[in-house]
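Trainee:
Residue numbers (the working numbering): 27 to 330.
1) Sorted by chain position, which residues of the same chain lie with C-beta nearer than 6 Å to residue 346's C-beta, five sequence neighbours on each side aside?
2) With a cut-off of 8 Å, do at least 3 Cβ pairs link the stretch 63–83 to the stretch 229–246?
3) Of the residues 169, 170, 196 and 167, which one's Cα is nearest the Cα of residue 181?
4) Start and end of the beta strand (DSSP E) containing residue 301?
5) For residue 96 versus residue 108, is the C-beta distance shorter than 9 Å?
6) Specify the secondary structure class of residue 224 as computed by DSSP and reduced to three states.
7) Looking at the structure shown, is residue 126 part of a helix, part of a strand, or coil, going by DSSP?
8) Once you ignore the five residues that flank residue 70 on each side, which residues in its own chain have a CB closer than 6 Å to its CB?
9) Can you tell me whether DSSP reads residue 86 as helix, strand or coil?
10) Rounded to whole angstroms, what's the CA-CA distance from residue 231 to residue 129? Just pull it up for me.
11) Is it buried or exposed for residue 318, if we count other Cβ within 10 angstroms and need 16 for buried?
12) For the putative contact between residue 68 and residue 37, defined by C-beta atoms under 8 Å, what is the C-beta separation to the nearest angstrom?
13) Does the Cβ of residue 229 have 16 or more other Cβ atoms within 10 Å, making it buried, or fewer, making it exposed?
14) Could you check what DSSP says for residue 192 in three-state terms: helix, strand or coil?
15) For residue 104, name the three-state secondary structure that DSSP assigns.
16) Is DSSP giving residue 173 helix, strand or coil here?
17) First and last residue of the beta strand (DSSP E) that includes residue 39?
18) Count the CB pairs spanning the stretch 78–93 and the stretch 253–273 that are closer than 8 Å, and state whether there are at least three.
19) Can you tell me the Cβ-Cβ gap for residue 225 and residue 93, rounded? I've got them flagged as a contact below 8 Å.
20) Report the three-state DSSP secondary structure of residue 145 (helix, strand or coil).
21) Is it buried or exposed for residue 328, if we count other Cβ within 10 angstroms and need 16 for buried?
22) Only counting the same chain, and skipping five residues up and downstream in sequence, which positions put a Cβ closer than 6 Å to that of residue 307?
Here you go:
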């Protein structure tokens with residue numbers, strides 16, 4: 027039976043690699059987007075702030091990014107019509123791990139050191155400021171920032187000693203541990219246990235004008251989420267096909283830490299989103315509070 031022709035669609039990502047990509051890889055592998063009549067391609071615009079600006083210019087209708095750059099872009103007017111349409115699998119900060127070089131035993135030792143971030147305006151740029159501040163350091167004077175951009179999803183900086191700390195997600199953390207180039211201090215949730223982090227966001231015009239397409243995109247994505255969780259062996263095989271250098275044991279450790287606590291329904295933690303706004307104001311990443319609830323439109327999930 028011949029499949030009907032598919033409609034092309036581009037989904038923007040703020041970076042490439044890590045567990046937030048696994049549902050997309052699985053949904054593409056299993057044909058879930060094709061089942062919805064969609065020929066999906068991924069466009070990586072490195073840095074949540076850069077992706078938000080591209081969406082604000084109307085270049086991309088749907089994106090995956092973190093809460094901090096999204097809120098800042100709405101607040102500063104670079105993405106004024108941004109809407110949150112679902113949570114990504116990484117719903118909170120339990121998945122975002124602060125790692126340091128093995129010889130660092132106290133965060134005070136980071137004074138004078140270089141920390142790695144995707145970009146100063148991305149999630150880890152904002153959250154690193156929060157963590158450093160709460161450790162008693164001045165995030166503007168006590169450390170240097172190295173923006174990694176396309177090199178974010180590597181452990182190279184930690185391995186070389188050029189970076190002393192970074193915020194990472196799996197499977198990079200397990201990879202770095204296995205190589206002995208980093209140790210995990212704690213999840214960022216130790217500082218903020220109730221914080222909606224991972225987002226799927228869209229332009230308001232897209233939500234209004236193409237609600238059926240949005241529903242189909244989110245449905246395929248969530249099928250990918252649930253298939254990864256239900257079939258870790260298939261996920262392992264897929265990731266090894268994508269990157270044969272991965273150690274299967276490293277992937278299994280990453281799965282153990284992540285898959286059981288994934289957000290599998292896309293629902294937004296509104297209280298956690300409101301707290302995210304408060305934190306962004308506290309660390310001076312937002313000039314004024316935003317109405318978090320007004321930014322959420324879950325009709326693509328069949329909610330509201």
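Even for Gly, the Cβ is constructed at its ideal location relative to N, Cα and C.
Mentor: Short version:
1) This structure cannot settle anything about residue 346, because the visible part of the chain is limited to 27 through 330.
2) Contact holds: three or more Cβ-Cβ distances are below 8 Å.
3) The sequence position of residue 181 within the chain shown is 155, counting from 1. If we check each option's Cα against that of residue 181, 196 comes out closest.
4) On the chain shown, position 275 is the one that residue 301 refers to. No beta strand (DSSP E) holds residue 301; the alpha helix (DSSP H) holding it covers 296–308.
5) Here residue 96 refers to the residue found at position 70 of the chain shown. Here residue 108 refers to the residue found at position 82 of the chain shown. Yes, these two residues count as a Cβ contact at 9 Å.
6) Position 198 of the chain shown, counting from 1, holds the residue named residue 224. Note: residue 224 maps to strand in three-state DSSP.
7) Here residue 126 corresponds to residue number 100 of the chain shown, with the count starting at 1. Under the three-state reduction of DSSP output, residue 126 falls in the strand class.
8) To locate residue 70, count along the chain shown from 1; it is residue 44. Cβ neighbours of residue 70 within its own chain (closer than 6 Å, five residues either side excluded): 39 and 42.
9) As a position in the chain shown, residue 86 is number 60, starting the count at 1. Here residue 86 sits in coil by DSSP.
10) Here residue 231 refers to the residue found at position 205 when the chain shown is read from its first residue. Here residue 129 refers to the residue found at position 103 when the chain shown is read from its first residue. Between the alpha carbons of residue 231 and residue 129 lies a distance of about 50 Å.
11) For this step, residue 318 is matched to residue 292 along the chain shown. Classification for residue 318: buried.
12) One-based indexing of the chain shown puts residue 68 at position 42. One-based indexing of the chain shown puts residue 37 at position 11. Correct: roughly 6 Å between the Cβ atoms.
13) Counting from 1 along the chain shown, the entry for residue 229 is found at position 203. Taking a 10 Å sphere around the C-beta of residue 229, we find 16 or more other C-beta atoms and assign the residue as buried.
14) Your numbering for residue 192 matches position 166 in the chain shown. Three-state result, residue 192: strand.
15) Counted from its first residue, the chain shown places residue 104 at position 78. Coil.
16) Looking up residue 173 in the chain shown gives position 147. Residue 173 carries a strand assignment under DSSP once its states are collapsed to helix, strand and coil.
17) Here residue 39 is taken as the residue at index 13 of the chain shown, counted from 1. Per DSSP, the continuous beta strand (DSSP E) segment holding residue 39 begins and ends at 33–39.
18) Not touching, per the Cβ criterion.
19) Position 199 of the chain shown, counting from 1, holds the residue named residue 225. Position 67 of the chain shown, counting from 1, holds the residue named residue 93. Going by Cβ atoms, the distance from residue 225 to residue 93 rounds to 6 Å, so yes, they are a contact pair.
20) As a working mapping, residue 145 is identified with position 119 in the chain shown. In the structure shown, residue 145 sits in coil (DSSP, three-state: anything other than H, G, I, E or B).
21) Position 302 of the chain shown holds residue 328. Exposed, since its Cβ has fewer than 16 Cβ neighbours within 10 Å.
22) In the chain shown, residue 307 corresponds to position 281, counting from 1. Excluding residues within five positions, the ones whose Cβ falls inside 6 Å are 315.
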